[in-house]
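Peer 1: Numbering (my numbering), first residue to last: 30 to 385. We put the beta carbon where it would ideally sit given N, CA and C, even for glycine. Below: one structure in structure tokens.
Quick look at the structure:
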């Protein structure tokens with residue numbers, strides 16, 4: 030079987046040599062080239078067409094975000110971000126790269142790690158990312174060409190802000206590929222829509238800490254991590270995200286957080302949120318399961334549909350990984366299977382009208 034061909038891009042010689050050494054220790058992988066800046070990442074990717082790229086965000090000449098935008102816009106290649114970025118600005122760059130098409134993110138190794146756990150996680154991430162069929166990102170192509178413009182938020186007319194006959198909750202679940210998908214869906218939902226929006230995204234710490242703030246910046250919706258205890262009815266027009274490492278659920282009309290065991294190897298879990306909504310207020314919910322690996326959310330989406338909710342799954346063509354929405358489709362959990370670009374408008378129509 031051919032080896033997985035890896036391009037390693039990292040400006041620190043010490044870190045780069047460690048990454049190369051770890052990759053070289055696995056018989057299934059080979060390093061085809063090394064780069065130390067974003068322009069080299071583009072040039073080497075164009076010439077060598079590797080199976081996967083490990084990419085730092087802090088790079089000279091051209092940073093990791095710009096390199097990702099160009100690569101995903103012109104010769105799409107699976108990208109694993111390997112970064113130690115933990116401050117707000119650096120985290121925003123990581124989210125920008127994920128939204129531009131990078132597949133996953135992994136924290137750089139810490140000096141005190143000696144048991145091989147990080148190395149095993151790194152090798153597994155490379156193999157997982159290499160198997161993903163990535164697509165051309167038109168938005169990334171425009172950004173890399175310097176022609177991207179900030180999206181104007183859709184503002185709901187005052188005459189449409191009464192929601193007496195529509196649905197009061199929009200619930201979204203996503204995993205791999207989720208940052209970009211959530212941006213697209215929320216940009217398609219008008220600011221001021223009188224619904225409470227609940228979001229579960231699988232993204233590892235420490236990279237999850239500033240995501241709500243970034244999502245608010247990208248979409249113009251007020252987005253915060255749930256604290257627990259917020260009345261569901263008081264959150265209309267707002268987006269509440271499950272905080273890092275906590276399940277988000279609804280009970281007795283309020284948001285609840287839990288450190289209960291993982292579901293589907295995930296905490297937060299989409300199933301936990303969806304199943305709580307199915308038990309609490311299914312007929313008032315519009316739920317959508319977006320791109321992601323595994324099957325988290327499929328059972329919960331089925332419970333919602335059986336309870337009378339309107340349910341949507343993202344289609345295969347626009348999913349970074351057609352895992353979670355595929356499982357939902359196989360269960361018959363989704364009333365409709367839609368391309369990403371249509372989901373925001375579809376959700377909005379249901380929320381306002383209460384119909385399809």
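1. What residues in its chain sit with their C-beta under 8 Å from that of residue 291, if we drop five residues either side in the sequence?
2. So who's on the other strand from residue 295, going by DSSP bridges?
3. Rounded to a whole number of angstroms, what is the C-alpha to C-alpha distance between residue 139 and residue 365?
4. Applying the criterion that 16 or more other CB atoms from any shown protein chain within 10 Å of the CB defines a buried residue, is residue 325 buried or exposed?
5. Express the C-alpha separation of residue 242 and residue 260 in angstroms, rounding to a whole number.
6. Looking only at its own chain, which residues have a Cβ that is under 7 Å from the Cβ of residue 311, when we skip the five neighbours before and after it?
7. Can you tell me whether residue 234 is buried or exposed, with buried defined as 16 or more other CB within 10 angstroms of its CB?
8. Exposed or buried, which one is residue 176 when buried takes at least 16 other CB atoms within 10 Å?
9. DSSP on residue 137, reduced to helix/strand/coil?
10. Taking 7 Å as the line, does the beta carbon of residue 127 fall inside it for any heavy atom of the ligand ATP?
11. Put residue 305 into one of helix, strand or coil per three-state DSSP.
12. Leaving out five residues before and five after residue 237 in sequence, what residues of the same chain have Cβ atoms less than 6 Å from its Cβ?
13. By the 10 Å Cβ neighbour count, where 16 or more other Cβ atoms means buried, how is residue 50 classified, buried or exposed?
14. Assuming contact is defined by CB atoms lying nearer than 8 Å, are residue 373 and residue 213 in contact in what I supplied?
15. Could you name the residues that DSSP lists as bridge partners for residue 226?
16. Mapping DSSP to helix, strand and coil, what is residue 339?
17. Does the stretch 124 to 136 touch the stretch 64 to 73, meaning 3 or more C-beta pairs lie closer than 8 Å?
18. Going straight from the alpha carbon of residue 204 to that of residue 117, what length do you get?
19. Short of 6 Å in beta carbon distance, which residues of its chain neighbour residue 307, apart from the five on each side in sequence? Order them along the chain.
20. With DSSP collapsed to three states, give me the class of residue 108.
21. Provide the residue span of the alpha helix (DSSP H) that contains residue 75, from first to last.
22. Given a cut-off of 8 Å, decide if residue 271 and residue 244 are closer than it, judged by their beta-carbon atoms.
23. Smallest Cα separation from residue 369: which of 381, 350, 380, 356?
24. Taking DSSP as the reference, what is the three-state secondary structure of residue 319?
25. Smallest Cα separation from residue 57: which of 34, 98, 293, 201?
26. Am I right that residue 211 and residue 230 are in contact with their C-beta atoms under 8 Å? What's the rounded C-beta distance?
Peer 2: According to the data block:
1. Within the same chain, residue 291 has close Cβ partners 298.
2. According to the DSSP secondary-structure assignment, residue 295 is paired through a beta bridge with 292.
3. Taking the straight line from one Cα to the other gives about 45 Å.
4. Residue environment: residue 325 is assigned as buried (16 or more neighbouring CB atoms within 10 Å of its CB, all protein chains considered).
5. Straight across, the Cα-Cα distance linking residue 260 with residue 242 is about 21 Å.
6. Excluding positions up to five away in sequence, the list reads 333, 336, 337, 338.
7. Per the 10 Å Cβ criterion, exposed.
8. Because residue 176 carries a pLDDT of 42, less than 50, the predicted location of this residue cannot be relied on, and the following value inherits that uncertainty. Residue 176 should be labelled exposed.
9. Correct three-state label for residue 137: coil.
10. As far as ligands go, the structure on display features none, and thus does not contain the ligand ATP.
11. Correct three-state label for residue 305: helix.
12. Only residues of its own chain outside the window of five on either side were considered, and among them 273 have a CB closer than 6 Å to the CB of residue 237, listed in chain order.
13. That one is exposed.
14. Going by C-beta atoms, residue 373 is nearer than 8 Å to residue 213.
15. Per the DSSP secondary-structure output, residue 226 pairs in a beta bridge with 199, 268.
16. In the structure shown, residue 339 falls within a strand segment according to DSSP collapsed to helix, strand and coil.
17. By the C-beta criterion, the stretch 64 to 73 is judged not to be in contact with the stretch 124 to 136, since fewer than 3 inter-stretch pairs fall below 8 Å.
18. Their backbone Cα atoms lie some 21 Å apart in a straight line.
19. Setting aside the 5 residues that flank it on each side, residue 307 is surrounded in the same chain by 332, 333, 336, each with a C-beta closer than 6 Å to its C-beta; the list follows chain order.
20. In this structure, residue 108 counts as strand in the three-state DSSP scheme.
21. That run of the alpha helix (DSSP H) goes 67 to 77.
22. With respect to the 8 Å criterion, residue 244 and residue 271 are not classified as neighbours on the basis of their beta carbons.
23. Just measuring C-alpha positions, the residue of 381, 350, 380, 356 sitting nearest residue 369 is 350.
24. Looking at residue 319 - three-state DSSP - the assignment turns out to be coil, as it is neither helix nor strand.
25. Ranking the options by Cα distance to residue 57, first place goes to 34.
26. Confirmed, Cβ separation roughly 7 Å.
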